[in-house]
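What follows is one structure encoded as structure tokens, with my remarks underneath.
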Amino acid sequence: MSENERRRRREGIIFLVGFGLCIPAANWFIGNVGTVCPPDSPCLIPVAPGVMAPSGVVMIGLAFVLRDLVQRRVGVRWAAVAVALGAGLSAFFAPPALVLASGMAFLFSETADLAVYTPLQRRRLLLAVFASSVVGLVVDSILFLYLAFGSLEFLPGQVIGKAGMVVLTLPFIVLLRRRDERLGLTAA
-11 MSENERRRRR
-1 EGIIFLVGFG
9 LCIPAANWFI
19 GNVGTVCPPD
29 SPCLIPVAPG
39 VMAPSGVVMI
49 GLAFVLRDLV
59 QRRVGVRWAA
69 VAVALGAGLS
79 AFFAPPALVL
89 ASGMAFLFSE
99 TADLAVYTPL
109 QRRRLLLAVF
119 ASSVVGLVVD
129 SILFLYLAFG
139 SLEFLPGQVI
149 GKAGMVVLTL
159 PFIVLLRRRD
169 ERLGLTAA
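Residues in the sequence shown are numbered consecutively from -11, following this note's numbering.
Shown next as structure tokens:
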């Protein structure tokens, strides 16, 4: 195994662990972190002027990007395994009232992310990460809110909050792609 292959695998494992940690963190945030934590409701954070969202959005936005990086480093099979394990983790760590919503939203949104990212990533990495994340976060937001709360009241905040996290990661994606080109690293 070449040094580049070892580096790719090592980074893939780091991204996979980060992806896995986002899941329980998002569920913990929903119940414990926010500027407002109303009884029997998720804790909320401001994501734009006058727009609030359940606080787990920051971790879920990051999870979409990390899933893409898992695929880039160790391949689509590992990414698919990560999605399946992530859905299980999401259901396991979710509060009892949110198990179905969390697990289903995660499974469908990350699968949508994978479907969009895969054909784009070799030619246009930045576009692939952004487009797949946007598709995934919209699917995730709609499914989670509808299944968990029977309402899409927080949809704008969910989309803005998750998209904000995706946008914050894009400079890292640009740096990673440039470093990969310099070192001759290819996608898995």
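Using N, Cα and C, we set each Cβ at its ideal position, and we do this for glycine too.
Taking the Cα positions, F137 is about 43 Å away from R167. For P34, no alpha helix (DSSP H) run applies; the uninterrupted beta strand (DSSP E) run containing it begins and ends at 32 to 36, by DSSP. Between V21 and P144, the gap from beta carbon to beta carbon reaches 7 Å or more.
Secondary structure at A67: helix, using DSSP grouped into helix, strand and coil. Non-local beta-carbon contacts of P30 in its own chain, meaning distances under 6 Å to residues more than five positions away in sequence, involve I18, P42 in chain order.
Classified as exposed, F160 has fewer than 16 neighbouring CB atoms from the shown chains inside 10 Å of its CB. In this structure, DSSP gives A41 an extended state, which the three-state scheme calls strand. In this structure, V45 and Q109 do not form a Cβ contact; the two beta carbons are roughly 24 Å apart against a cut-off of 8 Å.
With the rule of 3 Cβ pairs closer than 8 Å, the region 77 to 89 counts as touching the region -4 to 12. Bounds of the alpha helix (DSSP H) holding M92 are 87 to 108. In this structure, DSSP gives V24 an extended state, which the three-state scheme calls strand. If you check the CB distance, S139 and F52 do not come in under 7 Å. Residue state for G172 is assigned as coil, using DSSP reduced to three classes.
With contacts defined as CB atoms closer than 7 Å, V58 and F96 fail to qualify as a contacting pair.
Taking the Cα of G0 as reference, the smallest distance to any Cα among L54, P27, V24 is reached at L54. Measuring C-alpha to C-alpha distances from V104 to each of V117, L163, A93 identifies V117 as the nearest. A distance below 7 Å separates the beta carbons of V35 and G149. Scanning its chain for C-beta atoms nearer than 7 Å, with the 5 sequence neighbours on each side dropped, one finds around M92 the residues L131, L135, in chain order.
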